[in-house]
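*Asks:* Please read through the structure below; I'll follow up with questions.
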Amino acid sequence: MFKGILIEKDEAGYRASLTDIDEGQLPAGDVTVRVSHSTLNYKDGLAITGKGPVVRRFPMVPGIDLVGTVEQTTHPEYKVGDAVVLNGWGVGEVHWGGLAQKARLNGNWLVPLPAQFTPQQAMGIGTAGYTAMLCVLALERHGVKPEHGEILVTGAAGGVGSVATAVLTKLGYTVVAVSGRPEESDYIKSLGAVEILDRALFSSPGKPLGKERWAGAVDVVGSHTLANVCATTKYRGVVTACGLAGGMDFPASVAPFILRAITLAGIDSVMCPRPDRLEAWRRLGSDLDIAKLGMISKEIGLNDAISHASKLLNGEIKGRVVVDVNR
Ligand code: NDP
């Protein structure tokens, strides 16, 4: 038996509980991992509370991230004792995830724990941080350079926003943050943002084009915010869209695309191919200041994961939440 969070849905309703799970119930896979830590991402908040249709099979162990050591394996690339990280691939949605002491997975989904990070630090980054790095890599791939001007980061006090702000700053970009939490201004500035704009400036319907300001952007909010970010991006600027914290719609016009030649780059972490993941983790190893990671993440026990899920969706959590699944 091992401890884990189990989400069930039946006549009694949708519920998540911390429970003892029989190892015989683990799903099929060629690598069994003794999990040390998982995390709480926005998607885990939706899964645990049932506020979004994230879980597509029941019962389900949530947790789109995990780190741990290989306990059993028939996969050629892994041996017992290897430290591994998992992000995404539908884990915590259609395949049992990381908010439990054990997981059985497809070895092709795993990446080795980067040598620069402890297991806790890797989960301090987690899917949110690795997605932030994918956004940075997309800005670079589309040619955005620090000397081109300011980069806007929305949802800056959240997981993706915090890591994006820290990484972009270390790379020499000038980051302007958007946040709805003035009480987190010192935190956001300590990550490197030079200015913080109120999220209300972006959240209402805007004009097709506004004053050109951003050389690039990392948007986690979607909806009117993404439309307004596009409308204020400079000629040939690049906006990376990875989130829907403000809504899934995109009420924009084509004006920024056809008159200012801006690029909207979509970012997905779940099915992202392995070489890109390895590159993102490698770059996090060199471009994320470990001291800032300490400010970004806090640790809780598995007992507290369910209560923290609603806090996360209510915007009450700063940065990242690491879950020690063994306490
Ligand atoms: P968090 O909850 O940690 O951060 C989201 C932040 O967005 C909040 O902290 C808040 O920042 C801001 N926010 C929340 N609600 C609103 C709103 N209604 N309007 C405007 N801003 C809002 O989540 P994550 O950082 O983990 O994830 C952010 C988004 O990115 C989510 O939508 C998530 O699903 C998505 N995501 C997508 C991935 C992908 O593969 N494409 C991978 C990972 C995440 P503040 O308080 O500073 O305003």
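Heads up, the sequence shown is in UniProt numbering, so the first residue is 1 and it goes up one at a time.
Backbone N, C-alpha and C fix where the C-beta goes; we use that ideal spot for every residue, glycine too.
Predicted model only: the values in this text are computed from it and were never measured.
1) Taking Cβ to Cβ, would you say Q120 is nearer than 8 Å to F2?
2) Could you compute how far the alpha carbon of D20 sits from the alpha carbon of N326?
3) So is I258 buried or exposed if we call it buried at 16+ other beta carbons inside 10 Å?
4) Distance, Cα to Cα, V270 vs N87?
5) Would you report the Cα separation of V175 and D22, rounded to the nearest angstrom?
6) Quick one: grab the DSSP three-state call for H37.
7) Taking only the alpha-carbon atoms, compute the straight-line gap between S310 and T131 and give it to the nearest angstrom.
8) Name the DSSP bridge partner or partners of Y14?
9) When we look at the beta-carbon of residue 341 and count the other beta-carbons within 10 Å, is it buried (16 or more) or exposed?
10) Beta-carbon within less than 6 Å of D82's beta-carbon, same chain only, minus the 5 sequence neighbours each way: which residues are those?
11) Between the beta-carbon of E212 and the beta-carbon of Y187, is there less than 8 Å?
12) Taking Cβ to Cβ, would you say L134 is nearer than 8 Å to H308?
13) Just mark A200 as buried or exposed, buried being the case when its beta carbon has 16 or more other beta carbons within 10 Å.
14) Could you give the first and the last residue of the continuous alpha helix (DSSP H) run that contains Y187?
15) Can you find the residues in the same chain that come closer than 7 Å, C-beta to C-beta, to R56, ignoring five residues on each side of it along the sequence?
16) Tell whether a beta-carbon distance below 8 Å holds between L139 and T225.
17) Going along the chain, which residues of its own chain have a beta-carbon closer than 6 Å to the beta-carbon of V322, five neighbours each way excluded?
18) According to DSSP, simplified to helix, strand and coil, what is E299?
*Replies:* Let me spell this out:
1) no
2) 13 Å
3) exposed
4) 7 Å
5) 48 Å
6) strand
7) 22 Å
8) K9
9) Absent from the structure is residue 341, since the part of the chain shown begins at 1 and ends at 327.
10) V70
11) no
12) no
13) exposed
14) S185 to L191
15) E93 and V94
16) no
17) H37, T39, Q120, M123, G124, S297 and E299
18) strand
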